[in-house]
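Here's the structure, in structure tokens; my notes come after.
Residue numbers (this note's numbering), protein chains in the order written: chain A, 15 to 523; chain B, 120 to 191.
Here is the structure:
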């Protein structure tokens, strides 16, 4: 076995490589950079909201810019590239192919991300990650808004190229002896999320072009002054981005499908139900986009259809949760760091889903709409489920990527701080929303309950922040000076050698 | 009886038929929260029990049949 650490390569060889693990490493590093940059903005936002009035951010416009870039960075530059990193590393291995189907296209898809990253951060737009019209058309200052649009355009093309590559790799390049029904659930998660991406993304790509031509004054699709309809933008946006939620969450569930059986020392309870739930989620994901828009004056019938469409995601999600619980049942569970993150992610996935069910009932949605409830619900999903699954899997693949072990104790401290912080921040935000605090506000009236809850949330955010610093120290130190990992069984769970075969890093071609 | 939920709430706009919307919505909210918390308690309770019972450091922990059969 030849370990990477025994055969270091210059960085340019990795940067200009088209090998799937090299492109995966680039995705991984980029996504972690985005995590810390977007996370820093989150802490700044929370510090500003610690007390009513202006603390250190001079005006509401700056505040708007900060949460716009925070959201855009963490969704499009952390979560999605992290999923792409893992997919690049493991999808070819799982379908037993030497690389991705189109290695050069794969590298091109990655190299669209750094310019998009630069456009988003150098522009620092202010119209939220939704870029809702008419503000984004008529008032949002350029060139920041235009840079954001171009950045998202690049990311959209990158995502589509990546999705095509995953689909072709899985469907056409898998080993002939490997039936589709037998490929690991992690690979299935990439197949279904890539299919969603391929269907959903072109709509937003079109919407972005329409937005841009509207901003240039060439058209008036979303500009009421020119006879356009701002609500049409919302439909186009959410037709892409509600399914996109599943694009984000499905790989995270796939990560858990790899971690939980390993540390429970059992096979997954039901492979078939996992596949069925992924396929079901990818279909019903398209049946619920307008539940984000109940307050826009839709008819009762439309609202009912989308409410039922939303609720139809519950059985598929429950199938995943049941599968995880049934796998753990009767196991001999080793609570190493990846398993702790996975179990914490399941608990929070369920909590976020329960909040979503309440939210999907249309009369309740009118109460929670644009309140902190929505912030809490959304973040409980993206942080509590997706990021938890991602962190768990990052620890899980750390020996594979670096050949070294991370510090287990620091990994567990990172988990505990993140779990406590997540509950403090996002559960409390639900309650804050019910107390009437609107989202996306720079200042708020000095209502004692609001102040107390905001301070509690900020303290929770700081706990998460300290955990992330510990995480950063752990991965940086361990990747260079950590103990060499036993590549057959890094966590000592015994049994046959099960870990991803390091030798599968086929020579560069 | 928690379900079915009365969705006529959003329809009743006839003159003279007064509905205290705030009370109705909070009523619906509490009923749905009751459902969510009951199911949540069962699932979370099961998860916590699984974590406690099947952790390898539990005195009752034993090898899984897959480990014993060497299929692991």
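Glycine residues also receive a C-beta, built at the ideal position from the N, C-alpha and C atoms.
query: Contact between the stretch 138–158 of chain A and the stretch 199–210 of chain A (3+ Cβ pairs under 8 Å); result: no
query: 6 Å Cβ shell around residue 81 of chain A - same chain, five flanking residues per side excluded; result: 59
query: Neighbourhood of residue 345 of chain A by C-beta, 6 Å cutoff - its chain only, sequence neighbours within 5 removed; result: 278, 279 and 280
query: Beta carbon proximity, residue 144 of chain B to chain A, threshold 7 Å; result: yes
query: Whole runs of the beta strand (DSSP E) within the stretch 205–284 of chain A, excluding any shorter than 3 residues; result: none
query: Members of the stretch 344–369 of chain A that neighbour chain B once the beta carbon cut-off is set at 8 Å; result: 344, 345, 346, 347, 348, 349, 357, 360, 361, 364, 365, 368 and 369
query: is_contact[residue 162 of chain B, chain A] using C-beta, thresh 7 Å; result: yes
query: Exposure label - residue 248 of chain A; buried when at least 16 CB within 10 Å; result: buried
query: Per-residue burial, residue 189 of chain A [other beta carbons within 10 Å of its own, 16 or more giving buried]; result: exposed
query: Rounded straight-line distance, which links the Cα of residue 275 of chain A to that of residue 343 of chain A; result: 11 Å
query: C-beta atoms of residue 78 of chain A and residue 160 of chain A nearer than 7 Å; result: no
query: Residue 211 of chain A to residue 117 of chain A span [Cα, whole Å]; result: 19 Å
query: Min CB distance residue 339 of chain A to chain B below 7 Å; result: yes
query: Beta-carbon neighbours of residue 430 of chain A, restricted to chain B and to distances below 8 Å; result: Going along chain B, no residue has its Cβ under 8 Å from residue 430 of chain A, so there is no contact; the nearest lies around 14 Å.
query: From A:504, A:69 and A:356, residue whose alpha carbon lies closest to that of residue 403 of chain A; result: A:356
query: Interface residues of the stretch 371–395 of chain A facing chain B [CB-CB below 8 Å]; result: 371, 372, 375, 376, 377, 378, 380 and 381
query: Residues near residue 383 of chain A by beta carbon distance below 8 Å, same chain, minus five either side; result: 308 and 309
query: Min CB distance residue 524 of chain A to chain B below 7 Å; result: In the structure as shown, chain A starts at 15 and stops at 523, and residue 524 of chain A therefore has no counterpart that could be examined.
query: Chain B residues whose Cβ lies nearer than 8 Å to that of residue 323 of chain A; result: Within 8 Å Cβ-Cβ: nothing; residue 323 of chain A doesn't reach chain B, min ~15 Å.
query: Classification of residue 113 of chain A by the beta-carbon crowding that lies within 10 angstroms, buried from 16 upward; result: buried
query: Chain B residues whose Cβ lies nearer than 7 Å to that of residue 342 of chain A; result: 169 and 173
query: Where residue 187 of chain B falls, given that 16 or more other Cβ within 10 Å makes a residue buried; result: exposed
query: Same chain only: Cβ atoms within 8 Å of residue 120 of chain B, ignoring 5 sequence neighbours per side; result: Note on residue 120 of chain B: pLDDT 46, under 50, position unreliable in the model; the coordinate value appears next. Closer than 8 Å at Cβ, skipping near neighbours: no residue.
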